[in-house]
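Everything below concerns the one structure shown next.
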Amino acid sequence: MVIAIAFFWAGMILAISFIEAPLKFRAPGITPALGLGIGKRVFTALNRLEIVFAAVVVAYAAIVRPSFEWPLYLLVVVVVLLAVQTIWLLPNLVRRANAVIAGENPPKGRLHLAFIAFEAIKLILLITAGVGQLMRR
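Here the sequence shown stands for residues 750 to 886, where the numbers follow the working numbering.
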């Protein structure tokens, strides 16, 4: 089950963070404010789904108590990265998006780049953990 979650989670990150998000802003008629409004909803929904995935992984580890080999340690790192995104990055990005939507021009920051980096790291770790778990079967 953890293998399926790792690959499904990776697929969600790839589809939303690296395909949908950049393409959305290239669509005809999509203004920055409209794109940010859509992005807020999409990334909030993705974050909630990721929290469910993380809870299942943690519950699995607590209940089944598998021998924690390196693939599962990678999932622990993913859960920590998700926690940082949930508690710090996403709320700050939503505040910035709200300011842009309201017509303000907030100063540029590096939070968006940090979020993209976290997504890339999670994607790599999830795929590596999934493949590692498959190889151990």
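Glycine included, C-beta positions come from ideal geometry on N, C-alpha and C.
Just so you know, these numbers come straight off a predicted model, no measurement behind them.
### Task
Could you name each continuous alpha helix (DSSP H) segment of 4 residues or more that falls completely within the region 839-868, going from the start of the chain to the end?
Within the region 839-868, the complete alpha helix (DSSP H) runs of at least 4 residues are 839-850.
### Query
Under 7 angstroms from any heavy atom of the ligand COA, does the C-beta of residue 786 make it?
As far as ligands go, the structure on display features none, and thus does not contain the ligand COA.
### Message
Using 8 angstroms as the cut-off, can you tell me whether the region 758-773 makes contact with the region 784-802, which would need three or more C-beta pairs spanning the two stretches below that distance?
### Response
The way I'd put it, the region 758-773 does touch the region 784-802; three or more beta-carbon pairs between them come closer than 8 angstroms.
#### Entry: residue 868 classed as buried or exposed, judged by whether at least 16 other C-beta atoms fall within 10 angstroms
Translated into positions along the sequence shown, residue 868 becomes position 119. Counting the other CB atoms within 10 Å of its CB gives residue 868 a total of 16 or more, which places it among the buried residues.
### Message
Let me make sure I understand the geometry here. Which of 854, 871, 751 has the alpha-carbon closest to that of residue 834?
### Response
By 1-based counting over the sequence shown, the position of residue 834 is 85. Ranked by Cα distance from residue 834, the options 854, 871, 751 are led by 871.
#### Entry: residue 832 versus 779, 803, 880, 750, residue with shortest Cα-Cα distance
Along the sequence shown, read from residue 1 onward, the residue named residue 832 stands at position 83. Comparing Cα-Cα distances from residue 832 to each of 779, 803, 880, 750, the minimum goes to 803.
### Message
So, with DSSP's three-state summary, where would you put residue 767?
### Response
For the purposes of this step, residue 767 is taken as the residue at position 18 of the sequence shown. Residue 767 falls in the helix class under three-state DSSP.
### Query
Where does residue 776 land, buried or exposed, given buried means 16+ other C-beta within 10 angstroms?
Stepping through the sequence shown from its first residue, residue 776 is reached at position 27. Exposure of residue 776 is indicated by the presence of fewer than 16 other C-beta atoms within 10 angstroms of its C-beta.
### Message
Is it buried or exposed, residue 754, if we count other Cβ atoms within 10 angstroms and call 16 or more buried?
### Response
As a first step, residue 754 must be located in the sequence shown, where it is residue number 5. That one is buried.
### Task
Under the assumption that residue 864 contacts residue 838 (Cβ atoms under 8 angstroms), give the Cβ distance between them as a whole number of angstroms.
Counting from 1 along the sequence shown, the entry for residue 864 is found at position 115. Counting from 1 along the sequence shown, the entry for residue 838 is found at position 89. The pair is a contact, with the Cβ atoms about 5 angstroms apart (cut-off 8 angstroms).
### Task
Give the single residue among 881, 789, 877 whose Cα lies nearest to the Cα of residue 847.
Here residue 847 refers to the residue found at position 98 when the sequence shown is read from its first residue. Per the Cα distances, 789.
### residue 772, buried or exposed, once every other Cβ within 10 Å from all chains shown has been counted against 16
For this step, residue 772 is matched to residue 23 along the sequence shown. When all chains shown are included, residue 772 counts as exposed.
### Query
With 16 as the cutoff for other CB atoms within 10 Å, does residue 842 come out buried or exposed?
Mapped onto the sequence shown, residue 842 falls at position 93. Only buried fits residue 842, as 16 or more other CB atoms lie within 10 angstroms of its CB.
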